[in-house]
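Residue numbers for the sequence shown follow the working numbering, so the first one is 461 and each next one is one higher.
Positions of the beta carbon are idealized from the N, C-alpha and C atoms, including for glycine.
These notes are about the structure you will find just below.
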Amino acid sequence: RWEGCAWWEAGGLREAVAGAHGAASARLLAALTEHHHLLDHLAAHRRYLLLAQGDFVHHLMTLLQDELNKPATSLYVHNLTCTLEAAVRATNAQFEPPHVLARLHVNLYPNCDGRDDCGWDVFALQYRVDGPLGTLFPATCAARYRALFTQLWRVKRIEYGLHDAWREHAILQKRLKHMPEVWSVMRRVSCLRLEALRLMGALQDAAGVGPEPAWRALLGAAAARADLDTLLRLHHTALDRHSIHAMIHHTTQELQSYLGNVLNETLALRSFESTLHAGINAELERRDRIEQMKADRVMRGEYAFTAADEAQDKEKRKIFQQFLASRRADLNVWARTYRGHVTTLILKLALHPEVSLQTLAFRLDYSDFYKRGDAKLHEPLTYQHKRLSEIGLNLAKNKLIDRTKKK
């Protein structure tokens with residue numbers, strides 16, 4: 461004991477330790493900023509692992525599409541690395557400094573649950589940091605970035621697939637002038653695809669815009685060379701905000717399950733549309749072959765179409781009509797299932813204590829389309845009532861805290 465108190469309670473010791481800690485932190489931050497390009501690495505994590513670099517992400521997905529559709533066991537990192545380098549050279553990522561591009565790599569993370577994964581399920585970008593940078597990017601931080609990349613990549617992949625389906629639809633539509641029996645189902649699929657696309661867009665906007673203030677605060681503190689504890693706290697906060705808006709945070713575990721149902725059904729729509737397009741294309745090619753056969757026979761002076769040919773054509777058309785009827789029935793079932801999952805997700809978002817997620821619920825159903833189709837969404841404390849109640853409660857709490865601080 462020293463002067464009647466323990467040494468760790470001695471006056472001035474805490475201040476001395478705090479001062480030494482501040483000086484060491486300042487030297488470390490100066491080294492990280494000047495010699496290890498901390499700001500560049502923070503920005504690169506957001507651009508490439510959190511998919512903020514839109515042109516690069518879209519071009520990379522375009523180049524990887526055929527490769528990632530293969531089974532995961534047939535993929536090799538060195539092949540994907542070549543594709544990554546091609547995407548960098550073709551987009552604005554080529555202007556990144558060498559110390560950033562040298563750390564951007566491809567990795568494959570196969571699941572351990574025995575599923576037969578495709579390439580989309582195991583692909584990930586990895587940003588490797590070492591040395592003093594590991595102070596701000598520990599192993600736990602890398603795991604969080606990986607989880608965020610997986611979720612954001614999945615949503616982006618679904619959106620890309622829906623846009624790809626639209627391109628196929630637009631090309632096929634030009635050939636359907638003389639096939640009116642498919643017009644109704646094609647129009648229905650197009651409307652449902654646009655509905656799913658709008659939802660994917662809203663999810664991506666929320667994941668990109670929601671964490672923006674937290675990232676601005678982090679980059680501002682890093683530029684101002686705040687102490688290490690502050691940077692670690694702000695970095696943790698930024699990742700928390702991203703996790704909440706991506707619905708993989710521990711406070712959004714229930715939402716993650718409902719969002720997963722919506723994403724799975726949206727992938728099923730893409731698969732359904734591919735099957736539909738394949739069936740229609742096969743029938744179009746069959747009819748084109750018949751027309752070509754008729755023209756060839758007429759040129760040879762033969763009958764263009766015999767009774768046997770006509771009977772066979774009727775049988776094929778009947779089979780095609782059965783195919784369309786089956787597709788319509790499947791589409792009706794899918795639409796009910798999908799809208800049920802979306803309605804549940806919107807309801808859970810509206811009831812979540814996080815105000816930004818309540819706002820997302822309002823955005824997903826700004827026209828009250830889902831509200832009109834489900835009585836549960838008319839209950840009190842949902843949508844605007846719930847959202848405004850929570851906002852008002854939070855404002856009241858903030859005012860009370862401010863008054864307490866002033867006193």
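For residue i, three-class secondary structure by DSSP
i, result
"P592", "helix"
"H565", "strand"
"P531", "strand"
"Y843", "For Y843, the pLDDT reaches just 48, beneath the cut-off of 50, and the residue's location in the model is therefore unreliable, although a value from the coordinates is still provided. Y843 falls in the helix class under three-state DSSP."
"F597", "coil"
"Q513", "coil"
"G574", "In this prediction, G574 scores a pLDDT of 47, lower than 50, which makes its location untrustworthy; the coordinate-derived value is nonetheless stated afterwards. Residue state, collapsed to three classes: coil."
"C587", "A small correction: the amino acid at residue 587 is Tyr; Cys does not occupy that position in the sequence shown. In the structure shown, Y587 sits in a strand (DSSP, three-state: E or B)."
"Y605", "helix"
"K616", "helix"
"H448", "Summary: the structure shown does not reach residue 448, with the chain confined to residues 461 through 867, and so no result is reported for it."
"H638", "coil"
"F556", "Checking the sequence shown, residue 556 turns out to be Glu, not Phe. If DSSP states are grouped into helix, strand and coil, E556 belongs with coil."
"H495", "coil"
Boundaries of the alpha helix (DSSP H) in which residue i is found, first to last residue
i, result
"Y873", "This structure does not reach residue 873, given that the chain is present from 461 up to 867, and the question cannot be answered."
"L652", "W643 to V669"
"Q772", "A767 to L811"
"A504", "L498 to A504"
"Y830", "F829 to G833"
"F822", "V815 to L824"
"A764", "It is not in any alpha helix (DSSP H) - A764 carries neither H nor E in the DSSP assignment."
"T697", "L688 to A706"
"L540", "V537 to A550"
"L678", "E672 to A683"
Exposure label - residue i; buried when at least 16 CB within 10 Å
i, result
"E475", "exposed"
"Q772", "exposed"
"L841", "In this prediction, L841 has a pLDDT of 43, which is less than 50 and means its spatial position is unreliable; what the coordinates show is noted afterwards. It counts as exposed."
"S534", "exposed"
"N792", "exposed"
"Y826", "exposed"
"F765", "exposed"
"K530", "exposed"
"G761", "exposed"
"R647", "exposed"
"T735", "exposed"
"L820", "buried"
"V560", "buried"
"Y830", "buried"
"I631", "exposed"
"F583", "buried"
"L596", "buried"
"L654", "exposed"
Inter-residue CB distance, residue i and residue j (contact presumed, cutoff 8 Å)
i, j, result
"V642", "L636", "6 Å"
"C601", "L528", "Not a contact, Cβ separation roughly 26 Å."
"K808", "L663", "Not a contact, Cβ separation roughly 14 Å."
"H696", "L593", "Not confirmed; about 16 Å, so no contact."
"Q605", "H538", "First, the residue type needs correcting, since residue 605 is Tyr and not Gln in the sequence shown. The pair is not a contact, with the Cβ atoms about 23 Å apart (cut-off 8 Å)."
"L678", "L694", "4 Å"
"A480", "H519", "With a Cβ gap of about 49 Å, A480 and H519 do not count as contacting."
"L659", "Y718", "L659 to Y718, Cβ: 13 Å. No contact."
"Y536", "L564", "Not really, about 18 Å apart at Cβ, beyond 8 Å."
"L498", "V615", "Incorrect: roughly 29 Å between the Cβ atoms, too far for contact."
"E733", "V649", "6 Å"
"T543", "L524", "6 Å"
"I708", "A607", "6 Å"
Residue i: CB within 6 Å of a non-hydrogen atom of the ligand ADP
i, result
"H710", "Ligands displayed in this structure: none; no statement on the ligand ADP is therefore possible."
query: Is the segment 798-812 close to the segment 747-759, with three or more CB pairs under 8 Å?
result: no
query: Is the number of C-beta pairs between the segment 791-805 and the segment 723-740 that are closer than 8 Å three or more?
result: With the cut-off at 8 Å, the segment 791-805 and the segment 723-740 touch.
- prompt: Taking contact to mean at least 3 C-beta pairs separated by less than 8 Å, is the segment 562-572 in contact with the segment 663-674?
  reply: no
message: If contact is defined by three or more beta carbon pairs under 8 Å, each pair taking one atom from either stretch, is the segment 670-685 in contact with the segment 699-710?
response: yes
At least 3 beta-carbon pairs within less than 8 Å: the segment 677-689 vs the segment 507-521: no
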